[in-house]
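Report on one structure; see the data block that follows.
There are 2 protein chains.
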Amino acid sequence: MALTGELFIGRRRLSTAQRFQAVDPTRGETLETAFSAAGTAELEAACTLAHTAFDPYRNLPPLRRADFLEAIARHILALGDALLERAHRETALPLARLTGERARTVGQLQLFAAELRAGEWLGLRVDPALPQRTPAPRPDLRLRKIPCGPVAVFGASNFPLAFSVAGGDSAAALAAGCPIVVKGHPAHPGTSEWVAQAIAAAAAETDMPDGVFSLLHGPDTALGAALVADARIRAVAFTGSRAGGLALMKIAAARPEPIPVYAEMSSINPVVLLPAALAARSESLAREFVASLTLGVGQFCTNPGLVLALEGDGLQRFIEAAGAALAAVSPAVMLTEGIQRNYIRGVERLWTGGAELLAQGSAGTNNCARAALFSVTAASLAERPELAEETFGPASLLVRCRTLRELSETLERLEGQLTATVQMDPADLPLAQELLPTLEHKAGRIIVNSWPTGVEVCHAMVHGGPFPATSDGRSTSVGTLAIERFLRPVCYQGFADGLLPQELRAGELQRWPHRFDGERRLGRTE
Amino acid sequence: MALTGELFIGRRRLSTAQRFQAVDPTRGETLETAFSAAGTAELEAACTLAHTAFDPYRNLPPLRRADFLEAIARHILALGDALLERAHRETALPLARLTGERARTVGQLQLFAAELRAGEWLGLRVDPALPQRTPAPRPDLRLRKIPCGPVAVFGASNFPLAFSVAGGDSAAALAAGCPIVVKGHPAHPGTSEWVAQAIAAAAAETDMPDGVFSLLHGPDTALGAALVADARIRAVAFTGSRAGGLALMKIAAARPEPIPVYAEMSSINPVVLLPAALAARSESLAREFVASLTLGVGQFCTNPGLVLALEGDGLQRFIEAAGAALAAVSPAVMLTEGIQRNYIRGVERLWTGGAELLAQGSAGTNNCARAALFSVTAASLAERPELAEETFGPASLLVRCRTLRELSETLERLEGQLTATVQMDPADLPLAQELLPTLEHKAGRIIVNSWPTGVEVCHAMVHGGPFPATSDGRSTSVGTLAIERFLRPVCYQGFADGLLPQELRAGELQRWPHRFDGERRLGRTE
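Residue numbers (the numbering used here), protein chains in the order written: chain B, 496 to 1021; chain G, 496 to 1021.
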């Protein structure tokens, strides 16, 4: 198989006259294959097909959709090294990282397949008729969740597999029963096409309706804007910059029928170092912190961009050890030239904003990011809150606090976050307990004695958080709860068994977890 | 006890210089008691108290909040007939209806208390640590849902008890752990004050934090706008007009931190009369339809404002019987003069828009609404879709369709709805099956062989639906699922047992329904 540069419009492949090429960020060279950019006609065709596919796709037995997801996983693995090599050339991410990311991507698809079989997502509830009730009888009432409709998925630059064409958003939407129209990230169109081939092959193998999947490319923002504005699109999933997410929220809210936007946008992921932990293990904390900060060239949504600690000897030792660890960090190439430019701008903003530079990694060449640790007092940060804006990349700001109260107030003034981390020893428990309510206000995930980078894909994960970490703090974009974003409840009142949806019929209900008259019942294990 | 006209700012009672009085819609006379309107200072005080109360209130054991809700229910009942009489004078709703509505209001509070004890709302999930897993161990991950923060609740004119100060939105928000700041509806301030006294008494009796409840009055829209814009408010619950809901959505989206708005706004609740049902029972369908249309002077969100049927003898008999039933309907007083004015305008719009008047109720005097049934062909409606806009009151539009396809296409062109109803006999099953996907796209609740008015408060109810029926089609404002609107998930990673929230600790987890490594487990019955 070779890359063709074509768009995937349901089962069709199309070329257009407008082309663009990927750039190898390491060498600054354009890569082979010219990719077609989608115009109005291609967008229209993809959305029409997605709309047409919606009812047939959502009305398939859930187990059929599980088969589809697992087939996608198999076909991605079957792409072999070609996929990883192209992804490496397009993103400069190391092959080992990409191998891990592929495993995560495949694992996500399999987890959603298992979740479809478990049936929790159906949210079934039955309140049986009470014909004898006075003053009025109760009709039979049954609830299930149904998918919201076609979903626009935006590929993210920093996870070319796990948050791109067949990534977490796609897996959740397809599991829910929503056709997807993916807007590929222009930095890795070849990776996107390989994965699209895997999805297309899986759709053919499992006989999915035409239009359940389309992939559109567009090198600028016009295509994404038009996609979100299209009346057939019923929800949006996006991981990217704050400006990008806010723009999509605005378009979605201004539609004649507004739709939900799930944008994961901006987070500096505060880390609190409590005194007993600092006293006992400042050096190891410093090394672990620098490893987390510089992992993947700091290009994680959960990168620890802010550290808060109380002044003292422990903090001084932490700073020295972090400086030494940072000095040993080699510069590395960022995902794109634009990201690197923004990183340099962010570091300059910290510098000119009055933060003190504590330590730096070694300097690099072309597209390389130099890791950096700055510091500021809590009092200064209170005066210049813009210093706490996200700098995407391996830079972090240490906030020196005189008292726990000052630390707590600094946290309270922060915007919403994906994560908040506490490094603590048993003696820090009272302080951690005091901070916990504030951490709960601010973050979707609270981490003790670990680091925010590394997001487990499981049932209890929340990769979300109050605005502006995400556009919708009620949601997560990682883990099985992510399927909820694309579902809505429907109540069926007074239905004869033969008209009810399959899952709610007398013969099938027992198979699924449900609430009967409010009482929780387990599904029958197959 | 007597009405004082004061505002409730947490535990404080305040008067202001700006006053307004309620109007008896039957007589057009102002009622006794001048009510204080809240200004900036009162709003500020209420929001500050709600913010301060948030952590203490949400961190109470859930069973304490259940006690509070039940105490509110008791104190409402203890108000006795004074409450119903004032509500009757302020709304012109009959005492029998208000007695029923009080029972529903009390029942809602008790249902949410039971739901708090059942614990489903906590959404607990535990993925235990896998320290031996390769290539990387899994940390312990635990999820619970926490309340979003103080909620602004808007009293609705048409349910002075069940969707006002201690109505469904208040019960759901208080159950979730959110303090509420209620903006009372200016048409029934006395009813609001009585209920506020009950809530205040219950809060004192069960020792709730100061600020868990405030009631503000304001005769115009400025107060509500300022409330939604206040940074301490984290969600909005509203039932009312489309213009009102859209205005609140706009304010909420334009905040520095946007917040969710749950506005229940506009629905014409299509009813489909299928041929076999029409053939077998057109007369009884007509009588039931007219009863549903004119119930409560048509002032229900689920009023059947659109009827769709295939041309034929059955439909002709339905029209004749509906005409006869309508002619026997006495005019009745609407909730307010403004609502009646809008009703007359809506009926005129149908008239001048080219709909044919089929039948009318008898004419009334002052503030009375005259019930009306219009008809239009599906083809004409396709050309003039504005005829399908909501007319709040006892008016309905019959759409004559030549084919099932025309009927289905008419449904598909409608906006989102709270409900969609199908009247069918067994022979209609194939037609109903064909329509079902469209009905699912359009409505939050689908009803067979009953009528949309009458909303059961239970676990399987959905009183919601796609925009513009509500601002957020993922939600319901009636039934236990309504609590979800005010919750967000938080993940606790690597927590020592002593730092975990109570419900997630080893000793207490088994008591609540939860998922353990994805597997559903029942809570322990107490």
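Ideal placement from N, C-alpha and C gives every residue a C-beta, glycine not left out.
Could you tell me whether the Cβ of G:THR971 comes closer than 8 Å to any Cβ of chain B? yes
Could you work out which residues of chain G lie near B:PHE784, taking near to mean beta carbons separated by less than 8 Å? What B:PHE784 touches in chain G: nothing, since even the nearest Cβ is about 16 Å away.
Output needed for G:ASN837: all residues of its chain with C-beta closer than 7 Å, excluding positions within five of it in sequence on either side, in chain order. PHE887
So, is G:PRO880 buried or exposed, given that buried needs 16 or more other C-beta atoms within 10 angstroms? exposed
Residue range of the alpha helix (DSSP H) that G:GLN811 falls in? 808 to 822
Quick one: does G:ASP622 have its CB under 8 Å from some CB of chain B? yes
Where does G:LYS745 land, buried or exposed, given buried means 16+ other C-beta within 10 angstroms? exposed
Have a look at B:CYS542 and B:LEU982 and give me their C-alpha separation to the nearest angstrom. 19 Å
Can you list, in chain order, the residues of the region 934 to 960 of chain G whose Cβ is nearer than 8 Å to any Cβ on chain B? GLU935, HIS936, ALA938, GLY939, ARG940, ILE941, ILE942, VAL943, ASN944, SER945, GLY949, GLU951, CYS953, HIS954, ALA955, MET956, VAL957 and GLY959
Could you pull out every residue in the same chain whose Cβ sits closer than 8 Å to the Cβ of B:PRO634, ignoring the five residues on either side in sequence? ALA624, GLN988 and GLY989
Between which residues of its own chain and B:CYS953 is the CB-CB distance below 7 Å, once the five residues before and five after are set aside? GLY974
Could you say which of B:ALA671, B:SER825, B:GLU851 and B:PHE708 lies nearest to B:ARG553 if we only look at CA atoms? B:ALA671
Go through its chain and collect everything with a Cβ distance to G:ILE978's Cβ below 6 Å, but skip five positions before and after it. TRP616, ALA667, ALA670 and ALA671
Supposed close pair B:LEU555, B:SER531 - CB separation, criterion 8 Å: Not a contact, Cβ separation roughly 30 Å.
Measuring straight from C-alpha to C-alpha, what distance separates G:GLY807 and G:ARG908? 23 Å
Counting Cβ pairs closer than 8 Å, one from the region 755 to 770 of chain G and one from the region 910 to 927 of chain G, do we hit at least three? yes
Identify every residue that forms a DSSP beta bridge with B:LYS640. B:PRO984
Less than 8 Å between the beta carbons of B:PRO826 and B:GLY793, yes or no? no
Classify G:MET496 as buried or exposed, calling it buried when 16 or more other Cβ atoms lie within 10 Å of its own Cβ. exposed
Is the region 555 to 572 of chain B touching the region 598 to 611 of chain B in the sense that three or more CB pairs, one from each, lie closer than 8 Å? yes
With a threshold of 8 Å between beta carbons, is B:GLY968 in contact with chain G? yes
Against G:PHE658, what residues of chain B qualify as contacts under a CB-to-CB distance less than 9 Å, listed in chain order? Neighbours of G:PHE658 on chain B: none; closest Cβ ~18 Å, over 9 Å.
Member of G:VAL660, G:ILE567, G:SER652 and G:ARG628 whose CA lies at the smallest distance from the CA of G:LEU502: G:VAL660
Distance between B:ALA682 and B:SER652 (C-alpha atoms, nearest Å): 7 Å
Kindly confirm or deny that the region 925 to 940 of chain B and the region 892 to 909 of chain B touch, where touching means at least three C-beta pairs closer than 8 Å. yes
Here's a check: name, in chain order, each residue in its chain whose Cβ is nearer than 6 Å to the Cβ of G:VAL985, leaving out the five neighbours to either side. ILE641
Where do the N-terminal and C-terminal ends of the beta strand (DSSP E) with B:PHE503 fall, by residue? 502 to 504
What residues from chain G crowd round B:VAL985, counting only those whose CB sits closer than 8 Å? GLU935, ALA938, GLY939, ARG940, ILE941 and VAL957
Nearest chain B C-beta to G:GLN513 closer than 8 Å, yes or no? no
Within 10 Å of its beta-carbon, does B:GLY993 have 16 or more other beta-carbons around it, so buried, or fewer, so exposed? exposed
Close-in-space but distant-in-sequence residues of the same chain around G:ARG750 (CB under 7 Å, 5 per side omitted): ALA724
Using a C-beta cutoff of 8 Å, does B:GLN928 count as contacting chain G? yes
Going along the region 984 to 1003 of chain G in order, which residues come within less than 9 Å of chain B, judged by CB to CB distance? PRO984, VAL985, CYS986, TYR987, GLN988, GLY989, PHE990, ALA991, GLY993, LEU994 and PRO996
Please report whether the beta-carbon of B:PHE962 lies at a distance below 8 Å from any beta-carbon of chain D. Checking the listed chains, one finds no chain D in this structure; the protein chains it contains are B and G.
Which of the three DSSP states, helix, strand or coil, is assigned to G:PHE530? strand
Can you pull the chain B neighbours of G:PRO932, defined as C-beta to C-beta under 8 Å? ASP550 and ASN554
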